[in-house]
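S.K.: Pasting a structure below so you can have a look.
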Amino acid sequence: MPVVRGKSIEVLFSASTIARRNLELAKDIAAHEYNDLLVISVLKGSFIFAADLIRAMHDTGLSPEVEFIFISSYGAGTTSGEVRVLRDIDNDVAGRDVLLIDDILESGKTLKFARDLMLSRGARSCAIAVLLDKHTRRQTELTADFVGFECPDYFVVGYGMDVAHAFRELPFVGIVTGDA
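Just so we're aligned, residue 567 is where the sequence shown starts under the numbering used here, counting upward by one.
Here you go:
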């Protein structure tokens, strides 16, 4: 079990498992034949997943335009609160197919907000890709179109996800199990 910053972390999804799944997701996305695809990474947590998934999409022949939106519903804590756009995208989405990429679908509030925002701006479609889907925490009627893994009801870190801004750099998804 890896020890990072004095904490024991149980690996839930290894780097190699994630890499294989990203390629499978990219192939699934490519099969949908999106037109004028705009990929929007929801920051901060999705940045590593989005980068790897976009590169895998390239390997399948896709060349989407890439944007970033910074939406917050957590702050420095671990419970979901009010959804706010801290930094918006620059591109017009009207008439385009949009793919939102996020790290984890839990309550659904953030991704529902982002999807509704893109559709209200005239996006032709707005699909959602998430690395992890945690059904047990859902508070809205929202389903991701592309899911990397079903996530058990643990607070997970790594691969871009953090707790109080720590552990984003880990190449795997893990569960903090305690002090080493």
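Using N, Cα and C, we set each Cβ at its ideal position, and we do this for glycine too.
Taking just the CA atoms, how far does Leu589 sit from His731?
M.R.: 28 Å
S.K.: Taking all protein chains shown into account, decide if Glu599 is buried (16 or more other Cβ within 10 angstroms of its Cβ) or exposed.
M.R.: exposed
S.K.: Could you tell me which residues DSSP puts in a beta bridge with Arg650?
M.R.: Ser638
S.K.: For a quick check, are the C-beta atoms of Arg662 and Ala689 less than 8 Å apart?
M.R.: yes
S.K.: Around the Cβ of Met567, are there at least 16 other Cβ atoms within 10 angstroms (buried) or fewer (exposed)?
M.R.: The residue is exposed, with fewer than 16 neighbouring Cβ atoms inside 10 Å.
S.K.: Could you check which residue in Phe579, Ala617 and Arg653 has the C-alpha nearest to that of Val632?
M.R.: Ala617
S.K.: From this set, Val723, Thr583, Leu603 and Cys717, which residue's C-alpha is nearest Glu672's C-alpha?
M.R.: Cys717
S.K.: With DSSP as the reference, please indicate the residues paired to Gly724 in a beta bridge.
M.R.: Met727
S.K.: Quick one: what's got a C-beta closer than 6 Å to Asp669's C-beta in the same chain, skipping five residues either side?
M.R.: Hits under 6 Å: Gly611, Ser612, Phe615, Leu697, Gly726 and Met727.
S.K.: Among Val570, Arg703, Arg681 and Val577, which residue has its Cα nearest to the Cα of Ile741?
M.R.: Val577
S.K.: Within its chain, find whatever has a CB closer than 7 Å to the CB of Gly674; leave out the 5 residues flanking it on each side and keep chain order.
M.R.: The residues are Arg704, Gln705, Thr706 and Leu708.
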